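Quick notes on the structure that follows.
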């Protein structure tokens, strides 16, 4: 259940960053260091949205497993592994792309 809420929070954060363009509140760097604000906002809003979507999907599957249907252990381990691999890959990609927006 917590994963669903975290996922929705990330999706909301992506929406607010795209809507308000407030890097100081929703970004990860100080707004004075950023050269290309539109590219930075686009990168981080996509990253937040993808993280939120994957987290919400994993949370729904975990909730279904707990209360409605029983997901086999192999599938649960596979989903958790994919989630962790996705998050690590996203962190690496965002970290590399983030540097081209900072002075």
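Numbering (the working numbering), first residue to last: 608 to 710.
Cβ coordinates follow ideal geometry from the N, Cα and C atoms, glycine included.
Model, not experiment: these values are computed from the prediction.
If you draw a straight line from the C-alpha of residue i to the C-alpha of residue j, how long is it?
i, j, result
"residue 643", "residue 652", "14 Å"
"residue 658", "residue 682", "20 Å"
"residue 618", "residue 645", "18 Å"
Can you list, in chain order, the residues of its chain whose CB lies under 7 Å from that of residue i, leaving out five sequence neighbours each side?
i, result
"residue 695", "none"
"residue 623", "633"
"residue 693", "661"
"residue 667", "611"
Mind checking residue i: buried by the 16 CB within 10 Å criterion, or exposed?
i, result
"residue 676", "exposed"
"residue 648", "buried"
"residue 654", "buried"
"residue 700", "exposed"
"residue 691", "exposed"
"residue 621", "buried"
With DSSP as the reference, label residue i as helix, strand or coil.
i, result
"residue 675", "coil"
Considering only residues of the same chain and omitting the five flanking positions on each side of residue i, which have a CB-CB separation below 8 Å?
i, result
"residue 664", "614"
At which residues does the alpha helix (DSSP H) containing residue i begin and terminate?
i, result
"residue 612", "609 to 627"
"residue 693", "680 to 705"
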